[in-house]
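Protein chains: 2
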Amino acid sequence: MQRPLFLGVFSSKKGSKMKSYNVAVVGATGAVGTRMLEQLTDTTLPIASVKALASARSAGKKVKFGNQELIIEELTENSFEGIDVALFSAGGSVSAKFAPYAVKAGAVVVDNTSYFRQNPNVPLVVPEVNPQALDEHNGIIACPNCSTIQMMIALEPIRRVYGLNRIIVSTYQAIGGAGARAMEEAENQYRSILNECVAPTEVEAHILPAGGDKKHYPIAYNALPQIDVFTDNDYTYEEMKMTMETKKIMEDDSIAVSATCVRIPVLVGHSESIYIETKKEPNISDIKRLIAEFPGAVLEDDVAHQIYPQAINAVGKRETFVGRIRKDLDAPFGIHLWCVSDNLLKGAAWNSVQIAETLHQRGLIHPVEQMKFELK
Amino acid sequence: MQRPLFLGVFSSKKGSKMKSYNVAVVGATGAVGTRMLEQLTDTTLPIASVKALASARSAGKKVKFGNQELIIEELTENSFEGIDVALFSAGGSVSAKFAPYAVKAGAVVVDNTSYFRQNPNVPLVVPEVNPQALDEHNGIIACPNCSTIQMMIALEPIRRVYGLNRIIVSTYQAIGGAGARAMEEAENQYRSILNECVAPTEVEAHILPAGGDKKHYPIAYNALPQIDVFTDNDYTYEEMKMTMETKKIMEDDSIAVSATCVRIPVLVGHSESIYIETKKEPNISDIKRLIAEFPGAVLEDDVAHQIYPQAINAVGKRETFVGRIRKDLDAPFGIHLWCVSDNLLKGAAWNSVQIAETLHQRGLIHPVEQMKFELK
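Chains E and S supply the protein sequences, listed in that same order. 2 is the number of the first residue of the first sequence in our numbering; add one for each residue after it. 2 is the number of the first residue of the second sequence in our numbering; add one for each residue after it.
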């Protein structure tokens, strides 16, 4: 068994010794897991050690952690001894099975999958929006879906002042949300088209629109109006995540949310075209100010100088960029806007690490008294 | 001067001789112009000859017309002698100057630019939707904007039965709408990224988002929320075209339309995420039937089998494909749908040729009695 990487005990500014944490990353080889490790090299969370966990297939391989390398260990029920914080991003079934063992071992889990998000015992948190929800945690905190998180950053500053009756959102989601293999496949599709003159309809496709679904379609030069599989109401799960997660995070079931989630040939960086109706008559310049002042949000809205958020500019950044803010041409309480964020950072890895930071700030990293999750 | 290509006099089924037309294509070397010539090889319009016109720069070059080649002639004020039908797609300023000369020479003009679209003397026509508007033409008929046309095909069958109060549309528009050079530039951007490891933010960009605007941004792996330049109300002209053209084509100023127009890295084939509110309570299975039966529309809506419209499948087709039709989760009269069409065919070349076919069917190809357009 690998010895945890020792990072030393951090000191507070007052000179007294401060608790520092043993952190585990589950799914450390994935598109999100590697970025979780990256984000952990630049965090206010005091870290004592980092353990990289993945499936048996990856055990023994190395992953980068800053200038160092971690050796991947196989994830088992016993992986969490001595761990204080466990970040999960290895798929819903892995979280379903192993997150309760991490809690049982005394860790606090931040789970980036959808498995626990609608569980009433599990807070669903965007730290800038609803950090107070962390106070009631039972050992597992869920990180919302990427497409929901950035929408919350864009809309919360408006909601707090003007209220929010409804949201209609059409997404322009990056391939990276489907994982590193999907990005590789897309690049290979472009190479086939550009270098070998293969028709876009004829390139090889084995992953998108949804790994778990029957048919697979090319994404190069295409737009796929399916992310995740379909539910019984003809919306996809991705679309229903945006609906249900918004209500839970904003703690308001009366907000009407309907989404159309679309995958486009962008590698990293989700964009969203959002229409909202506020409760009070909105003032656009005030809304721009509110967004500019909101933590985690960056206003990029100066159409006279062609300034608006763009996916390629958001890559590698932790913020959510908001622009094209304008009144609906007819509805007096209607507003349109465009928001962009790095779906792998604020949409996943950074929001997860930020939840851990916030747990620490609020003194909430400790073993739970009562186990509320079933061990399978 | 090139002799018009003689194609013979067509005969009607009754054996009587039928009028056939001398057709001119203005802008014959462009992405749309070449497709106009292509569409003219498969049309019910009886054609006697075809003349290819373009700027002096292109004069003398050859363009394909079926198995034959046409020699490009320079467009001048005298190009339209003997021409019955002139299809224009060489930019608004070219139409502004030369379309009136074509009308003066006795031709009927079908103009694919935005220049005449809001002129009260000019019908704006999608043949499946408002062919009756042709009856009042004064020598110039405008072909609507690509993004408007396919939306009209998707929504007109619904409007006729259920009425239409409002439309909120977010587009996923192909690069081809900005012309052949924009498509070449996009392909070069992808080659730089994939073959030379240039960062997506660093590739060369000289055309998009709008040729006439100051700044230019990469489109490879990006989404640009700007098509055409911005107007005073913070909407782009492209967005305002969708608003104004919808009202004119549907002959109803009370329909509320707000658009967000976005360029995505697709070469050909516009997609649109459309939300509508009807006047009467909609029935989804009835709406699917209405769309399936509407001319020019193809229903592709079977989510259980992952059937929905995709840009790569629409390329080269004349129809508009509609799917993902479902009720809003909250608004009882709200419907969401997804529609896709080849923006260079139904969005431009085919709709223009189809207007000419419809003019012929209605006996409307003849010189105007009264000249209503200024000669410049």
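Cβ atoms here follow ideal geometry from the backbone N, Cα and C, with glycine treated the same way. Predicted, not measured: the structure shown is a model, and the values here were computed from it.
Inspect the beta-carbon positions of residue i and residue j and report whether they are closer than 8 Å.
| i | j | result |
| --- | --- | --- |
| S/Asn-113 | S/Phe-89 | yes |
| S/Val-26 | S/Val-95 | no |
| E/Pro-201 | E/Ile-194 | yes |
| S/Glu-282 | S/Phe-334 | yes |
| S/Ala-55 | S/Val-86 | no |
| S/Gly-178 | S/Asn-344 | yes |
| S/Val-110 | S/Gly-140 | yes |
| E/Ser-342 | E/Lys-242 | no |
| E/Leu-41 | E/Val-24 | yes |
| E/Glu-75 | E/Ala-57 | yes |
| S/Ala-175 | S/Val-299 | no |
| E/Glu-70 | E/Tyr-173 | no |
Near residue i, which residues of its chain fall below 7 Å by C-beta distance, leaving aside the five closest residues on each side in sequence?
| i | result |
| --- | --- |
| S/Met-245 | Gln-119 |
| E/Tyr-309 | Glu-301, Asp-302, Gly-324, Arg-325 and Trp-339 |
| E/Asn-223 | Pro-201 and Pro-266 |
| E/Asp-254 | Lys-248 |
Under 6 Å Cβ to Cβ from residue i, same chain only, skipping five residues before and after it: list those, please.
| i | result |
| --- | --- |
| E/Glu-78 | Tyr-102 |
| S/Lys-15 | Reliability of the predicted coordinates at S/Lys-15 is poor, the pLDDT of 47 falling under 50, and the value obtained from them is presented with this limitation in mind. So no residue of the chain qualifies. |
| E/His-337 | Tyr-276 and Arg-327 |
| S/Gln-190 | Val-204, Pro-219 and Ala-221 |
| S/Phe-378 | In the structure as shown, chain S begins at 2 and stops at 377. Residue 378 of chain S is therefore absent and cannot be evaluated. |
| E/Asp-214 | Val-230 |
| S/Ser-259 | Ile-169 |
Taking the alpha-carbon of residue i as reference, which of the options has the nearest alpha-carbon?
| i | options | result |
| --- | --- | --- |
| S/Ala-350 | S/Met-19, S/Ala-25, S/Ala-32 and S/Leu-330 | S/Ala-32 |
| S/Glu-240 | E/Arg-325, E/Thr-45 and E/Ser-286 | E/Arg-325 |
| S/Gly-180 | S/Val-267, S/Leu-135 and S/Val-110 | S/Val-267 |
| E/Ile-356 | E/Ile-220, E/Asn-131 and E/Leu-291 | E/Asn-131 |
| S/Asn-314 | E/Glu-203, E/Val-64, E/Val-127 and E/Val-24 | E/Glu-203 |
| S/Lys-318 | S/Gln-227, S/His-271, S/Glu-185 and S/Asp-233 | S/His-271 |
| E/Ser-171 | S/Pro-226, S/Asn-146, S/Ala-221 and S/Arg-58 | S/Pro-226 |
| S/Ala-91 | S/Arg-36, S/Tyr-163 and S/His-138 | S/Arg-36 |
| S/Gln-307 | E/Met-251, E/Lys-289 and E/Asp-229 | E/Asp-229 |
| E/Ile-154 | E/Glu-294, E/Ala-187 and E/Ala-53 | E/Glu-294 |
| E/Tyr-264 | E/Met-251, E/Thr-321 and E/Met-184 | For the sequence presented, residue 264 of chain E should be read as Arg rather than Tyr. Comparing Cα-Cα distances from E/Arg-264 to each of E/Met-251, E/Thr-321 and E/Met-184, the minimum goes to E/Met-184. |
| S/Ser-80 | S/Ser-148, S/Glu-278, S/Val-104 and S/Gly-93 | S/Val-104 |
| S/Val-316 | S/Val-354, S/Lys-347, S/Gly-297 and S/Val-304 | S/Lys-347 |
| S/Ala-187 | S/Glu-39, S/Tyr-163, S/Ala-53 and S/Pro-210 | S/Pro-210 |
| S/Thr-1 | S/Lys-216, S/Thr-261 and S/His-217 | Because chain S spans 2 through 377 in this model, residue 1 of chain S falls outside it and cannot be assessed. |
| E/Gln-311 | S/His-217, S/Leu-156 and S/Leu-71 | S/His-217 |
| S/Ala-332 | E/Ile-169, E/Gly-164 and E/Arg-182 | E/Ile-169 |
| S/Glu-137 | S/Cys-147, S/Asn-146 and S/Val-126 | S/Val-126 |
| E/Leu-165 | E/Ile-256, E/Arg-182, E/Thr-321 and E/Ala-206 | E/Ile-256 |
Using the Cβ count rule (16 or more neighbours within 10 Å means buried), how would you classify residue i?
| i | result |
| --- | --- |
| E/Gly-83 | exposed |
| E/Cys-198 | exposed |
| S/Pro-368 | exposed |
| S/Glu-129 | buried |
| S/Ser-286 | exposed |
| S/Lys-280 | exposed |
| E/Met-2 | Caution applies to E/Met-2, whose pLDDT of 40 falls short of 50 and renders its modelled position unreliable; the value that the coordinates give is listed next. That one is exposed. |
| S/Asn-122 | exposed |
| S/Thr-45 | exposed |
| S/Arg-167 | buried |
| E/Leu-360 | buried |
| E/Asp-329 | buried |
| E/Asn-352 | buried |
| S/Asn-234 | exposed |
| E/Pro-296 | exposed |
Determine the extent of the beta strand (DSSP E) in which residue i is found, giving its start and end residues.
| i | result |
| --- | --- |
| E/Gly-324 | 321-328 |
| S/Gly-93 | S/Gly-93 -> not in any beta strand (DSSP E); alpha helix (DSSP H) instead, spanning 93-105. |
| S/Ser-115 | Note, S/Ser-115: premise wrong, no beta strand (DSSP E); not H, not E. |
| S/Ser-380 | Because chain S is modelled from 2 through 377, residue 380 of chain S falls outside the range shown and cannot be assessed. |
| S/Leu-300 | 298-300 |
| E/Ile-277 | 271-278 |
| E/Ser-50 | 48-55 |
Which residues in the same chain have their Cβ closer than 8 Å to the Cβ of residue i, if we skip the five residues on either side of it in sequence?
| i | result |
| --- | --- |
| E/Phe-7 | Residue placement at E/Phe-7 is poorly supported in this model, since its pLDDT is 49, which falls under 50; the coordinates are not used for a value here. |
| E/Cys-158 | According to the sequence displayed, residue 158 of chain E carries Pro and not Cys. Contacts found: Ile-288, Leu-291, Ile-292, Glu-294, Phe-295 and Ala-298. |
| E/Ile-73 | Ala-29, Thr-30, Ala-53, Leu-54, Ala-55, Ser-59, Ala-60, Gly-61, Lys-62, Lys-63 and Val-64 |
| E/Gly-93 | Thr-114, Ser-115 and Tyr-116 |
Hey, could you find the ends of the alpha helix (DSSP H) residue i is sitting in?
| i | result |
| --- | --- |
| E/His-138 | Here E/His-138 belongs to no alpha helix (DSSP H), and DSSP marks it neither H nor E. |
| E/Val-341 | Looking at the DSSP string, E/Val-341 is not in any alpha helix (DSSP H); the run it does join, the beta strand (DSSP E), is 335-342. |
If you measure from the CB of residue i, is any heavy atom of the ligand NAD nearer than 7 Å?
| i | result |
| --- | --- |
| S/Lys-318 | In the structure on display, the ligand NAD does not appear, and there are no ligands present to speak of. |
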